[in-house]
Amino acid sequence: MSDPVLSIRNLCVEIPTRAGIVRPVDSVSYDIAAGEILGVVGESGAGKSMAGNAVIGLLNPPARIASGEIWLNGKRIDTLKGDAMRRLCGKHIGMVFQDPLTSLNPLLSIGDQLTETMLTHLDISREDARKRAIAALEEVGIPGAAERIDSYPHEFSGGMRQRVVIALALCAEPSLVIADEPTTALDVSVQAQIIALLKRLCRNRGTAVMLITHDMGVIAEAADRVAVMYAGRLAELGSVRDVLTAPRHPYTHGLMASTPLASAGQPRLHQIEGAMPRLTAIPEGCPFNPRCERAADKCRQAPAPRIVDGQAACWFPRVAEEAS
Amino acid sequence: MLAYIIRRVAQSALVLLVVGLAAFSMFRFVGDPVENMLGQERTAADIERLREQLGLDQNFVVQYYKFLEGAVQGNFGVSYRQGRPVAEILIERAPATLELAAVSGVLAILFGIALGVFTAIRRDGWVANGIMSASLIGVSLPTFLIGILLIYIFSVELGWLPSFGRGETVQVGNWSTGFLTSSGLKALVLPSITLGLYQMTLIMRLVRSEMLEVLRQDYIRFARARGLRSRAINFRHALKNTMVPVITVIGLQVGSIIAFAIITETVFQWPGVGLLFINAVQFVDIPVMAAYLMLISVMFVSINLIVDMLYFLIDPRLRLDRAGGH
Amino acid sequence: MTDTSHKSDAEIIAPKLAEKSRLRVFLDSDIFYAFRRSPVAVVSTVVVLILVLSAVFAPLVAPTNPFDPSSLNLMNGFSSPMQPNAFTGDTFLLGTDDQGRDVFSTILYGMRVSLFVGVAAVLLAMVLGITLGLISGYVGGWTETIIMRVADVQLTFPSILIAMLIFGVAKGFTPVEYRDQMAIWVLILAIGLSDWVQFARVVRGATLVEKRKEYVEAARLIGRTPFAIMLRHILPNVLSPVLVIATISLALAIIAEATLSFLGVGAPATQPSLGTLIRIGQGYLFSGEWWILLFPAVTLLMLALSVNLLGDWLRDALNPRLR
């Protein structure tokens, strides 16, 4: 396998609060290869968006990267500051936000926003930028792109706006796209289209994608590999097929059992007892231990093991035969 | 859009009618206009003649109509105190106030927006924090104290600038301007700072809080995520969105400048309509008060209309008839 | 953010504390905690208290009664602060004015007038605004349209201008020989009438929200009269925004009073407020008697600034969303 596009090593994000320092992201490591879609899944507050924001340098102060490394195409980027980081954003890393209704500037036409982004990063003329903007809109499936380029965001529907957002994120041809809950705010009927679009565009261009979502269905649909996060830590990392069909971590297992799957005739949805701990009160040992059926003394004392691809951060992982 | 404008113009006309009613009621019911105008030596025949002349023997609605008719033609009656037509006095005094208001307005808007943007972008810098603290004092400092303070420093102590009057003026047609002489320009400095400072503070504080609000929006984060230069983000993306709510207030503030000129003109003995008005209030010169009220309402209403038009220029969401199909 | 959550906690706990004294409850409350934590709020409160108390007890605090002609000595005129007068050898803390009145004493008496007018005007505006706001919010229909239209038109004009106009008109109605005596009351009326709109808008807004809530519905169903419902159920819910507006309005009213008096359309020379004193003092600016102007001006600034800061703090503490 070639070198990964994105490589995160032991990333820790800290926020100093009155109650002490909390770590919304704690020792997280994963890679994404070119053309690969990594699904990052977890409950809200699990740290999945925070990790994405850390990669693109958009952490809101006082949140900050405390330790760890982020490498993009063989260059270390977590140490970059100010203008050097800005040049990277949009050009090498694209980002798609959750709500297309609020992520477009209402007072600028979509053509303005597209050409502005391209002119910032690419050495092309204004006319070329406009041509490429129209092409980009066509590519994301905006009908009549040439006529609609001077329209304003409010003149588009939610699904169309998300297509515009994707065009914006991809217009400078970045090698990595971070999609933070790109379908959560959309109608169910549109969700699949947007996911398919994202998948197609990135496959064609060989773009690496970090697809952040809480929706297992989206993961199953789009991702190649999946990283499961719990309380700021990586619970399990592996190929979608492995993780979804034979989850090793009890949390992933619970998560899968609580997801309604159209295919499986589950009699009743499973429910994980309790709730994810608040970041100020993460239990000692494995953070999942109070909710875990398999928890032993070791889980309450020693932190869960660090993992690489295909492993679960668990002292007593489930084995394939157990799959219910 | 046309329908909207027509509706706004109609609303403005209604406001003017109401204000006109207030002005007329003042004129009609405060004291006895005949008594006020004739003074001590009067005969019954004089009173009767003036009564008829003023139309006071007719019924209220007719009188109101006549008043409005006169007002539209610029006829506001005769000043009780000066014995001259009010319109004549106003025209004579207007250039002084308008020049002062224009200079202060421009100062307030330019510096208000610039400082507001600066304090929003450098939110945690000590310069920005210093400006914010100073502005709170500025809001609590009455205009007349600012004027006195400036006079004390720049006229009494340093002797750089005149403390009263307009300096030399040049007559251009009916308009007497202070812009063309150096003493006229010098005389403008202190009054226009005095008048503009308070409005500037308000505009600055508003721009800052709106800008901070806008900078938190998703589209700003998205713009950052696209790697746009911070100048483009701050000025093209954020400032433009900030202006939508700010413009309303700026419109109101520009109106207030003309009203607040009363205070500044008193401090600096600036021969404008504000000084005229305050003298009218002191001596209960009702025709002048009524005319000033009408004049200022017309200005306010026009400014509001202009502000509404500006919305259309800035915010595409309001240009609904342009939107075509969805 | 944390303040709101604390506040709701406090409200939940409050009933359990019934056996505690009210003072204890107040001292334990989050608002008092936030107060102690804010140096600005504490300092402003202390300044306001000192100024208000010394104004209220001016006859006891002031060394002389500046309006008692028998205590005046023209020879004392224009004494510099803290320096013995060349003729009489008397020393005055803040100097004297042209007529030999002790500036410190005239400030204390002037502050009385300023505060009295300010507080009375805000009370008038508050009563008027709350009443009209409650009525227009609760009754709705034409009543509401008319009240809010008038409010809108009035809001278009700066309140100082409205106050001047009202002052001029009211002066016109007052017989000439009573004008000086009535000036203070006319001033209160003018400032009060120019300032009710803020109260009315907030109260109306809150009334519209509360009106739809179930407990008001329930009160209506058991046959409470609209007046009783407004008084007992809706009014308590709008008190905290009203308190904030009242504080900020007080600062504005004090400034408005000073401005009007400075312009010569406010408190008369026989009953001078801080603004009148500044007006008088301005005349001596060029001749070097700076203290006649400076001390009243500084007092006015301290008063307005500390009330303003207190209002700002109160707004943030009571309701972070009310801007």
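Protein chains in written order, with my numbering: chain Y, 1 to 324; chain B, 1 to 326; chain P, 1 to 323.
Where a beta carbon is used, it is the ideal one built from N, C-alpha and C, also for glycine.
Item	Value
Using C-beta distances below 8 angstroms, list every residue in its chain close to residue 2 of chain B, excluding the 5 sequence neighbours before and after it, in chain order.	none
Please report whether the beta-carbon of residue 129 of chain B lies at a distance below 8 angstroms from any beta-carbon of chain Y.	no
Helix, strand or coil for residue 102 of chain P per DSSP?	strand
Relative to the C-alpha of residue 316 of chain B, which candidate in Y:164, Y:155, Y:127 has its C-alpha closest?	Y:155
Under a three-way DSSP split, which group does residue 123 of chain Y fall into?	coil
Can you pull out the residues from the region 175-199 of chain P whose beta carbon lies closer than 8 angstroms to at least one beta carbon of chain B?	none
Taking beta-carbon pairs under 8 angstroms, can you tell me which members of the region 152-168 of chain P lie near chain B?	153, 156, 157, 158, 160, 161, 164, 165, 167, 168
Under 9 angstroms, CB to CB, which of the residues in the region 137-156 of chain B have a partner in chain P?	137, 139, 140, 141, 142, 143, 144, 145, 148, 149, 151, 152, 155, 156
Please classify residue 45 of chain P: does DSSP put it in a helix, a strand, or coil?	helix
Quick check on residue 163 of chain B: does DSSP put it in helix, strand or coil?	coil
Give the residues from the region 248-271 of chain P that approach chain B closer than 7 angstroms (Cβ to any Cβ), ordered along the chain.	251, 255, 258, 259, 262, 263, 264, 265
Interface residues of chain B around residue 293 of chain P at Cβ under 9 angstroms?	148, 152
I'd like the list of long-range same chain contacts for residue 229 of chain P, defined as Cβ closer than 7 angstroms, with 5 residues on each side in sequence excluded.	216, 219, 220
Can you tell me whether residue 174 of chain B is buried or exposed, with buried defined as 16 or more other CB within 10 angstroms of its CB?	exposed
Would you call residue 343 of chain P buried or exposed, if buried means 16 or more other Cβ atoms sit within 10 Å of its Cβ?	There is simply no residue 343 of chain P to check, as chain P begins at 1 and stops at 323 in what is shown.
With a Cβ-Cβ cutoff of 8 angstroms, do residue 13 of chain Y and residue 65 of chain Y count as a contact?	yes
With 8 angstroms as the threshold, decide whether the Cβ of residue 316 of chain B is near any Cβ in chain Y.	yes
Can you tell me whether residue 39 of chain Y is helix, strand or coil according to DSSP?	strand
For residue 127 of chain P, which option in P:225, P:101, P:195 has the closest C-alpha, if you only look at C-alpha atoms?	P:195
When the Cβ atoms of the region 194-202 of chain B are set against those of the region 250-261 of chain B, are three or more pairs found closer than 8 angstroms?	yes
What is the DSSP secondary structure of residue 70 of chain Y, counted as helix, strand or coil?	strand
Return the CA-CA distance between residue 311 of chain P and residue 211 of chain B, expressed in angstroms with no decimal places.	23 angstroms
Give me the chain Y residues within the contact set of residue 221 of chain B, using Cβ-Cβ distance strictly less than 8 angstroms, ordered along the chain.	58, 97, 103
Mind checking which residues open and close the beta strand (DSSP E) that includes residue 236 of chain Y?	233-239
Check this for me: beta carbons of residue 118 of chain Y and residue 135 of chain Y, under 8 angstroms apart or not?	no
On the CB-based measure, 16 or more other CB atoms within 10 Å of its CB, does residue 123 of chain Y come out buried or exposed?	exposed
Should residue 166 of chain Y go down as buried or exposed, given a rule of 16 or more other Cβ atoms within 10 Å for buried?	buried
Within the 8 angstroms Cβ cut-off, does residue 89 of chain Y reach chain B?	yes
Would residue 183 of chain Y pass as a contact of residue 218 of chain Y if the rule is Cβ separation under 8 angstroms?	yes
Check whether the Cβ of residue 191 of chain B lies closer than 7 angstroms to any heavy atom of the ligand COA, and answer yes or no.	The ligand COA is not part of this structure, which contains no ligands at all.
Quick check on residue 109 of chain P: does DSSP put it in helix, strand or coil?	helix
Rounding to the nearest angstrom, what Cα-Cα distance links residue 255 of chain Y and residue 238 of chain P in this structure?	46 angstroms
Taking the alpha carbon of residue 17 of chain B as the point to measure from, which residue in B:88, B:301, B:97, B:314 has its own alpha carbon closest?	B:301
Out of Y:125, Y:179, Y:150, Y:4, state which residue places its alpha-carbon closest to the alpha-carbon of residue 76 of chain Y.	Y:4
Just the Cα atoms here: how many angstroms apart are residue 166 of chain P and residue 51 of chain B?	26 angstroms
Using a Cβ-Cβ cut-off of less than 9 angstroms, list which residues of the region 111-133 of chain P approach chain B; keep chain order.	none
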